[in-house]
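Residue numbers (the numbering used here): 8 to 454. Cβ coordinates follow ideal geometry from the N, Cα and C atoms, glycine included. Worksheet for the structure shown next.
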Amino acid sequence: MPEPGAGSAPWVRKPHNWERLFCVWACPPWYWTGPVGRGYPSTSDTAVEPSRNARLYIARSIPAHTPQAQPPVGKAQRDCFMNTPWPWLEQQRGVSRFGFVRRDGTGLLGAGIAEQVSGTSIGEVLEQVQARGGTWFVGGCFDPGAERAPWWSPFGTASAWRPHTLVSLPGQALPAASAPAPHRPPPEPPAHGPHPDRAAWERMVEAADDSIARGQIEKVVLARSISEPAATDALSWLAGPSGKRDMAFLFEPRPGLAFAGLTPELLFERMGAEVQSEALAGTNANTEEGRARLMASDKDAREHALVVEAVHASLQPLCDQLKKTPLKLAPAGKLVHRLVSFRGALRAGVGDAQLASALHPTPAVAGTPADAALSFLRTHEPFDRGWYAGPVGIVEPHRTTLAVALRCGLWGGDTRVAYAGAGLVAGSRAQAEWDETEAKSLAVRGR
């Protein structure tokens, strides 16, 4: 049998499992210029449409660090890559990088920017993406009406990116086209320190308690940002341990400024005309004692009930059938939350834009009533959340997954900004809510 590239006759066979992984790690030239299992000569940088036998494909279209070829890897090494996909993205230097991994291990990695769309809301961006078709990384800020901090400017109010090179997980790469976007230096992140500090936090909680007592709001979610020297970069942080419920994401629209997280909360997932969503709220330590306290807590039960009611009310008009699961506890690393899940059949004509606009922001990240809670936060919260608590995810031709950006941080230069929030209802205490934000921020700061 002729070697790949030796003569004009194509060498056709189904690739072995080790070759799929070997391609990503070692990237011999004939893998970069033609579909795996069909050894075309390395004569062009133009992407070639893969054949039905091609299960793995990488387009040679962006600068990439290519390590020297290694011998075939064993099962343990393959399993390590499938569980920790970030090393491939780490090799893509000096370009924009994106990643999203679902709970089931499926997802996408992307490098470079072939196309970008922006809008004033996540719904507007999703409409543009659906009109264009294809596969995109999408996201948006928590509050489009808030004043933007300069370090969030590369992300936009809401944006979508179609990468120049796209890798589908686990272990498959797909073709992409066009050249990467030009590099521009990212803006500097905020100065080190907590925002707000303890005294300002107590004043915020006091103002929230007053608004709740007056009946202006029923619940509001207050947040903190903690800016510190970065011990690791975003990709190294993502490569650490994660929980079974975590969805991992990375958005680095400009090299050197990355927003990343391991979130336990799904905004919605649509597969065809089926949709899933979640109501996640209430927090305690993921210990036997903590789980018992969470189930017995009247405050957490009321806080979660508001989220359940809001998600149900948002989905009901969009679905012909809508079912919800009984209450259960959802572990998320060292913490545990109350969870109710929803599953529905979408009505004709309902798409991603309508779902995102109806669901975001839920009372789990903003409060209720939503307009009053957002108005309170614009007045009293002393920093721009940016994309923290906003929708982030991926859009594919037949599947869209949007998570809520929690347990996350912004990395820039030698600085990392961790974000965390806590929901306040009648009876909330400033110290307890501060402690909750500290515990949540440790998911970023303590890894």
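Considering only C-alpha positions, which residue in the set THR407, THR294 and ALA265 is nearest to TRP244?
ALA265
With three or more beta-carbon pairs closer than 8 Å as the criterion, would you say the region 291-299 touches the region 137-157?
no
Thinking just about the alpha-carbon of each residue, which of ALA412, PRO398 and VAL432 is nearest to the one in VAL132?
PRO398
GLU259 burial status per 10 Å Cβ neighbour count (16 or more: buried):
buried
Excluding the 5 residues flanking LYS331 on each side, which residues of the same chain have their C-beta closer than 6 Å to its C-beta?
VAL347 and PHE349
With distance defined between alpha-carbon atoms, name the residue in GLY419, ALA165 and ALA156 nearest to SER128.
ALA165
So ALA425 packs on ARG392, CB below 8 Å; how close in whole Å?
No, ALA425 and ARG392 are not in contact; Cβ-Cβ is about 12 Å, not under 8 Å.
My assumption, with CB atoms under 8 Å, is that ILE233 sits in contact with ALA433. Please give the rounded CB distance.
In fact, because the Cβ distance is near 27 Å, the residues do not count as touching under 8 Å.
Check for me: the beta strand (DSSP E) holding TRP168 runs from which residue to which?
165-176
For THR375, which residues of its own chain have a beta-carbon under 8 Å away from its beta-carbon, when the five flanking residues on both sides are left out?
ILE224, GLU225, LYS226, LEU313 and ALA317
Complete alpha helix (DSSP H) runs within the region 266-343 (minimum length 4 residues, chain order)
295-303 and 305-322
Measure the C-alpha to C-alpha separation of SER284 and GLN137 and round it to an integer number of angstroms.
20 Å
Own chain partners of ARG309 with C-beta closer than 7 Å, once the 5 adjacent residues on each side are dropped
VAL432
So ARG139 is in the alpha helix (DSSP H); what residue range does that whole segment cover?
129-139
Per DSSP, what kind of secondary structure is GLU233 in: helix, strand or coil?
Looking at the sequence provided, one finds Ile at residue 233 rather than Glu. In this structure, ILE233 counts as strand in the three-state DSSP scheme.
Neighbourhood of SER6 by C-beta, 6 Å cutoff - its chain only, sequence neighbours within 5 removed
No answer is possible for residue 6: it lies beyond the span of the chain, which begins at 8 and ends at 454.
Does the beta-carbon of THR407 have 16 or more other beta-carbons within 10 angstroms, so that it is buried, or is it exposed?
buried
Please state the DSSP three-state secondary structure of ILE69.
Confidence in ILE69 is poor, its pLDDT being 32 and thus under 50, which makes the residue's placement too unreliable to answer from.
List the residues that DSSP assigns as beta-bridge partners of CYS415.
GLY268 and TYR426
Boundaries (first-last residue) of the alpha helix (DSSP H) holding PRO94
93-97
Report the rounded CA-to-CA distance for TRP32 versus PRO94, giving the unit in angstroms.
Summary for TRP32: the model assigns pLDDT 42, below 50, so the residue's position carries little reliability, and this model does not support an answer.
Determine the direct distance from the alpha carbon of LEU273 to that of ARG85, and round the result to whole angstroms.
In this prediction, ARG85 scores a pLDDT of 33, lower than 50, which makes its location untrustworthy; no coordinate-derived value is stated.
Given this structure, state the Cα-to-Cα distance separating SER249 from GLY356, to the nearest angstrom.
37 Å
Could you give the DSSP three-state label for VAL399: helix, strand or coil?
strand
Determine the closest residue to MET278 out of SER103, ALA241 and HIS405, with distance taken between C-alpha atoms.
HIS405
Measure from the alpha carbon of THR422 to the alpha carbon of each residue in THR142, GLY263, TRP168 and VAL102, then state which is nearest.
GLY263
Starting from ALA255, follow the beta strand (DSSP E) in both directions and report where the run begins and ends.
254-261
8 Å contact criterion, which LEU176 and PRO92 should meet: CB distance rounded:
5 Å
Quick check: the Cα distance between THR73 and ILE401, rounded to an integer number of angstroms?
Only weak support is given to the placement of THR73: the predicted model assigns it a pLDDT of 32, under 50, and the question is left unresolved by the model.
Would you say ALA267 and TRP418 are within 8 Å of each other, going by their C-beta atoms?
yes
Cβ-Cβ distance between ALA373 and VAL174 below 8 Å
no
Report yes if the CB atom of ARG298 is closer than 8 Å to the CB atom of ARG110, and no otherwise.
no
Nearest by alpha-carbon distance to HIS319: which of ALA214, ALA437 and PHE275 is it?
PHE275
Let me check understanding here. Comparing Cα to Cα, which of GLU209, ALA437 and LEU325 lies closest to ALA363?
LEU325
Could you tell me which whole alpha helix (DSSP H) segments of length 4 or greater appear in the region 346-371?
359-366
Within 10 Å of its beta-carbon, does LYS6 have 16 or more other beta-carbons around it, so buried, or fewer, so exposed?
As shown, the chain starts at 8 and ends at 454. That puts residue 6 outside it, with no answer to give.
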